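To start, the structure under review is shown below, and the notes come after it.
4 protein chains.
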Amino acid sequence: MAETLGFIGLGNMGQAIASNLLAAGYGLRVYNRTASKTAPLAGKGVYVAKSAAEVASPGGIVLTMVADDHALEQVCLAHGSFVEKLGPGGIHTSLSTIAPATARRLSEHHAKHNVQYVASPVFGRPEAAAAKKLWIATSGPAAAKKRSQPIFDAIGQGVVEFGEDPGAANVVKLCGNLLIFATIDALAEAMVLAEKSGIGMKSLAEIVGKFSPLHASYANIIAEQKFEPAGFPVLLGLKDINLVLRTAAESATPLPLASLLHDHLLSAVAKKRENLDWSAVALGIAEDAGLKPSLQSKVAG
Amino acid sequence: MAETLGFIGLGNMGQAIASNLLAAGYGLRVYNRTASKTAPLAGKGVYVAKSAAEVASPGGIVLTMVADDHALEQVCLAHGSFVEKLGPGGIHTSLSTIAPATARRLSEHHAKHNVQYVASPVFGRPEAAAAKKLWIATSGPAAAKKRSQPIFDAIGQGVVEFGEDPGAANVVKLCGNLLIFATIDALAEAMVLAEKSGIGMKSLAEIVGKFSPLHASYANIIAEQKFEPAGFPVLLGLKDINLVLRTAAESATPLPLASLLHDHLLSAVAKKRENLDWSAVALGIAEDAGLKPSLQSKVAG
Amino acid sequence: MAETLGFIGLGNMGQAIASNLLAAGYGLRVYNRTASKTAPLAGKGVYVAKSAAEVASPGGIVLTMVADDHALEQVCLAHGSFVEKLGPGGIHTSLSTIAPATARRLSEHHAKHNVQYVASPVFGRPEAAAAKKLWIATSGPAAAKKRSQPIFDAIGQGVVEFGEDPGAANVVKLCGNLLIFATIDALAEAMVLAEKSGIGMKSLAEIVGKFSPLHASYANIIAEQKFEPAGFPVLLGLKDINLVLRTAAESATPLPLASLLHDHLLSAVAKKRENLDWSAVALGIAEDAGLKPSLQSKVAG
Amino acid sequence: MAETLGFIGLGNMGQAIASNLLAAGYGLRVYNRTASKTAPLAGKGVYVAKSAAEVASPGGIVLTMVADDHALEQVCLAHGSFVEKLGPGGIHTSLSTIAPATARRLSEHHAKHNVQYVASPVFGRPEAAAAKKLWIATSGPAAAKKRSQPIFDAIGQGVVEFGEDPGAANVVKLCGNLLIFATIDALAEAMVLAEKSGIGMKSLAEIVGKFSPLHASYANIIAEQKFEPAGFPVLLGLKDINLVLRTAAESATPLPLASLLHDHLLSAVAKKRENLDWSAVALGIAEDAGLKPSLQSKVAG
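Here is the structure:
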């Protein structure tokens, strides 16, 4: 049997990933702030820890999949944290989408405890995670990445390497989200242009879907105005585009398209759509084109 | 044997399409302004006409695949044009990417000669045309579309219907190009952010390519700075985005993302990159981020 | 007594200018498409012509102050137009805001009749025109500008020279309108930021007005949401920004700020505000910030 | 004789303001981190303190004019700071341009020591400060503003009130800088359009200067490409526009024009122009229009 891993953060993504680790023969010691989320795993022979620190064993591996930079910092930087418990030879394989700068700061902090930080943000939604279809971007110390490889094999379909800089893999993940949201925003404009030109949005979605699977899914959401339940809500989208812009500012990189996307998401928040799917920016674009009534009715409920 | 069709415009796309019509058993009477382009077909039993009008027979079908609005207007509106020769019962199946407004104007003009205009812009590059992999958006009179259906079957893998408005299919085609170019521009920003963050553009291209075939091809072009030969040059891209914006203005539809894309393409023209692939907007985005020397060297040659 | 001038176009601006010419001792032969507008001048010894052509005398001077490019082309290019009647030695002093390209085309057309075209767009509102406070940008043939100088002295407070290119003065006029509208749009953003930050827009207008008279007037309009009657309506603003963008495109000059302003004006049209003052773009900016109800109520009436 | 005031921060602005306070009969106890800056005042009977805290007397007034949020926080929040020394009845009149959120945080901190914080950012350059021509936006506790009034009278030409919220006056100051920079950016576009249209930028500056004094000064700087010495450098401009955007984000207010201005300033930093005047964004706009050589030569030195 493979070694026993620590795992912190059992949201939709975390649960799916943890299940695949179990299926691959790993033992697991898990922790989640909201204890109820651990129930599905508890029944499968998984040890449910009472604290984050408790999941770690000296020199072992801990994976984290938490909500944002702040949550990760809290769990890593506290006195007596799992990082300290890992100690020399330990590895923290960090799957969350966070700022590259945060990853670099954490990496330095870990080094003081002789723990290696491996940035390993994942590409894919919960369905992809469940199906072992994630792609993993990874950066950090070579030895630690090597030791993490069987884990990656157990949870995804492939890994792409981005060198030693612990921030690098997170830059890549942010680029990915920038690309996806640009696709959405462009689709929103195309859909509104179609609507205002007297063309059914569903017909446009049909032909667009022939070419690009990424476009297809969002084209359908927009055409059907089905922004609930949110696959990825406006608020998280805004968080990520803010990370993109902040990271870009650090290297003096103007990104006018990302700025535009930011403004569209911020407007969606201003209009109280923060919990709708991020493709709901299409509503604001429609309103700016004078299409208020027909589309807003869908959000009133 | 199937009926004999007229075909005007034998560029890369036109030749591939005409070949598939031949293969499907149609007879062809072809015309191209530059006569040398007709040579490959002449050897296959195709009649090479000396004028555009000569390809038409009363009540028949003529397909056109020409460069732009102006070229199509010239060939349609001249005295004694193929449209007049088609006359009552004739059909003009127009494959070019033109302004919806032009399509509507031509349709009205054709009606005076009792000819039906079928807007049928195609999605796909020359390789797709050669492989019968085009998708066709079509709009116009129902009867004429129905009569064109076997032709569409012979040249593409599917048709999507957009009603009677002869402008509709062209709006859809413009939406398609807007979506593609938005993908390119976003990729350009992501690539520059990666570069400025110390990440290899090729590694980013690798992971991006895992998710979206549309992104994959352009990510590679940008990562390798291989903007020549141009799959689709800056100048044509600018033409199409101008059509998008003009069409949007007609229905009072602001498209801020399209405006941004327009400005990036216009800047590429200002920098004498009009004949590079439209993904060469990445150079301008890199320069705005202070990356002048490393990237510009690639274009100097 | 000074010479007798022809004058075509008696809107608000035209009437004020014509009155100042009269006061300076010029004789006037006037024409306006809507005849009623000529009444105020008819009483002052002015000859009211029955056609545009009738205002001209061979070798004389005709001033025009009409709505737009189309109106000016109609009055100039018709057979038997005032241009033809002016003939050799005649001068057309054109005060309207039109596209530089139109000015250049008209200049060439005039040359065929040995008439000189002097581009002389004016800066200032009707009040400034009445008070002889206009500034005049002028370009065209040196001799014709020299002969127009006493006219400029009679209607404005100064002239700035822009060389021989008949389009140049119009580029300058377009630049002026770009600057004014950028001021308005920035004020609109500042006002919305103030409002959302809990600060009264009128207090902000007060301090802004201390620094810049140009800002002061628009800050008050926006703070009081007094978009009617329109000093300069959205529709004319959009026309002018379109001329800016078209002119810029001719020289491959991307103007991202002007593109943004265009989109804001186009959105105002989409929202049926085309007849409000162009500062009504502030409403759209407020709506994008989620301020719909408080501001829109002001426009409903 | 009027009371003795504490004064911290003797940069160009601070020195001019302190001199006017002296001239109005106030005693002064001054502190500046770089001691040499205090020399001009030392000769005029001013007490030069060895620490920031030393300028304060219990229940008195201290004015601060420091570089940025960080500098102000350092001087206020240290143990044994001037705020603690002011104690009950004391007033801190804060003249610096900082984030509204910082002002609010400091105000709360001061309240713990029974000190009142008066936000009083000033509008005007060093010349205006020297000439007592500043305008002051003020917000905070009414009593403290009343007690500060004679001080404002001694250093400026007027005060505009923005209520009790200590952040309000800083929002107003940020709005002011947004308006100024929008003016600059629009001028930059107009100038580049003129240049590309074959029109001298100096002639355009001349006519623009007739209408708006604010435009006049920047039009000349851009026309003459005289970006050194910097009246207000790119780096400070970027800092302020970042404050604008961050403040706007707090209230979910999208400001697309401010986003655009941000990107232009960030590009100027990327191109190593951070110490040029912020109107040097004109260089980037010119380069995007293909005007590289003619303009860049001016910056090489």
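Chains as they are written, first to last, in my numbering: chain A, 1 to 301; chain B, 302 to 602; chain C, 603 to 903; chain D, 904 to 1204. From the three backbone atoms N, C-alpha and C, an ideal C-beta is built for every residue, glycine too. Treat the numbers as computed from the prediction; the structure is a model and nothing was measured.
By the 10 Å Cβ neighbour count, where 16 or more other Cβ atoms means buried, how is residue i classified, buried or exposed?
{"i": "C:A641", "result": "exposed"}
{"i": "B:S397", "result": "buried"}
{"i": "B:A495", "result": "buried"}
{"i": "A:T34", "result": "exposed"}
{"i": "C:P831", "result": "exposed"}
{"i": "A:Q225", "result": "buried"}
{"i": "D:S939", "result": "exposed"}
{"i": "B:L378", "result": "exposed"}
{"i": "A:E108", "result": "exposed"}
{"i": "C:Q718", "result": "buried"}
Less than 7 Å between C-beta atoms, sequence neighbours within five positions excluded: which residues of the same chain meet that for residue i?
{"i": "A:A49", "result": "R29, V30, Y31 and V55"}
{"i": "B:G464", "result": "S440"}
{"i": "C:R848", "result": "A701"}
In angstroms with no decimal places, state the Cα-to-Cα distance between residue i and residue j.
{"i": "C:G627", "j": "C:S722", "result": "21 Å"}
{"i": "B:L323", "j": "B:L373", "result": "23 Å"}
{"i": "C:R863", "j": "C:L885", "result": "Just to set this straight, residue 863 of chain C is Leu in the shown sequence, not Arg. Approximately 14 Å, taken between the alpha carbons."}
{"i": "B:H393", "j": "B:A354", "result": "12 Å"}
{"i": "D:A1031", "j": "D:A1057", "result": "13 Å"}
{"i": "A:D185", "j": "D:V1075", "result": "32 Å"}
{"i": "D:R1176", "j": "D:A1183", "result": "7 Å"}
{"i": "D:A1161", "j": "C:P815", "result": "22 Å"}
{"i": "D:L908", "j": "D:A945", "result": "15 Å"}
{"i": "D:I1039", "j": "D:G917", "result": "14 Å"}
{"i": "B:K540", "j": "C:A705", "result": "25 Å"}
{"i": "D:L1009", "j": "D:D971", "result": "13 Å"}
Taking residue i as part of the beta strand (DSSP E), name the residues at either end of that continuous run.
{"i": "C:G811", "result": "From DSSP, C:G811 is part of no beta strand (DSSP E) but of the alpha helix (DSSP H) over M803 to F813."}
{"i": "B:E525", "result": "Looking at the DSSP string, B:E525 is not in any beta strand (DSSP E), and its letter there is neither H nor E."}
{"i": "C:I904", "result": "The requested residue 904 of chain C is not part of the displayed model; chain C covers only 603 to 903."}
{"i": "D:L1037", "result": "L1037 to T1041"}
{"i": "D:L966", "result": "I964 to T967"}
{"i": "B:G477", "result": "No beta strand (DSSP E) contains B:G477, which is instead part of the alpha helix (DSSP H) from A469 to K497."}
{"i": "A:V269", "result": "Segment P256 to A270 is the alpha helix (DSSP H) holding A:V269; no beta strand (DSSP E) there."}
{"i": "B:A330", "result": "The question names Ala, but residue 330 of chain B in the sequence shown is Arg. Segment G328 to Y332, the beta strand (DSSP E) holding B:R330."}
{"i": "A:V46", "result": "A:V46 -> no beta strand (DSSP E), and no H or E assigned at all."}
Here's a check: name, in chain order, each residue in its chain whose Cβ is nearer than 6 Å to the Cβ of residue i, leaving out the five neighbours to either side.
{"i": "A:G231", "result": "D277"}
{"i": "D:N915", "result": "P1029"}
{"i": "A:F123", "result": "W135 and G176"}
Using a Cβ-Cβ cut-off of 8 Å (strictly less than) and excluding sequence neighbours within five positions of residue i, which residues of its own chain qualify?
{"i": "B:N415", "result": "G388, P389, G390 and G391"}
{"i": "B:P555", "result": "A549"}
{"i": "C:K734", "result": "N622, A756, I757, G758 and Q759"}
{"i": "C:E791", "result": "I887"}
{"i": "B:H516", "result": "T484, L488, V509 and G510"}
Between which two residues does the alpha helix (DSSP H) containing residue i stretch?
{"i": "B:G585", "result": "V582 to D589"}
{"i": "A:A42", "result": "A39 to A42"}
{"i": "A:I151", "result": "A142 to I155"}
{"i": "A:T102", "result": "P100 to K112"}
{"i": "B:T548", "result": "V535 to E551"}
Tell me, please, whether the CB atom of residue i is closer than 7 Å to any CB atom in chain F?
{"i": "A:I98", "result": "The chain labelled as chain F is not found among the protein chains of the depicted structure, namely A, B, C and D."}
| Going along the chain, which residues of the segment 1179–1194 of chain D sit with their C-beta nearer than 9 Å to a C-beta in chain B? | Listed by position, the residues of the segment 1179–1194 of chain D near chain B (Cβ gap below 9 Å) are G1187, E1190, D1191, A1192, G1193 and L1194.
| query | Taking a cut of 7 Å between CB atoms, which residues from the segment 245–257 of chain A lie near chain D? | reply | Within the segment 245–257 of chain A, the qualifying residues are A249, A252, T253, P254 and P256.
| task | Quick one: which residues of the segment 257–273 of chain A get their C-beta closer than 8 Å to a C-beta of chain D? List them in chain order. | result | Listed in sequence order: S259, L260, H262, D263, H264, L266, S267, V269 and A270.
| Given a limit of 8 Å on CB to CB distance, which residues of the segment 806–839 of chain C reach chain D? | Of all residues in the segment 806–839 of chain C, the ones placed with a Cβ closer than 8 Å to any Cβ belonging to chain D are L806, E808, I809, V810, K812, F813, S814, P815, L816 and H817, in chain order.
| field | Positions along the segment 180–207 of chain A whose CB lies within less than 9 Å of some CB in chain B | value | Listed by position, the residues of the segment 180–207 of chain A near chain B (Cβ gap below 9 Å) are I180, F181, A182, T183, D185, A186, L187, A188, E189, A190, M191, V192, L193, A194, E195, K196, S197, G198, I199, G200, S203, L204, E206 and I207.
| field | Residues of the segment 1010–1030 of chain D with Cβ closer than 8 Å to any Cβ of chain C, in chain order | value | Residues passing the 8 Å Cβ filter: F1026.
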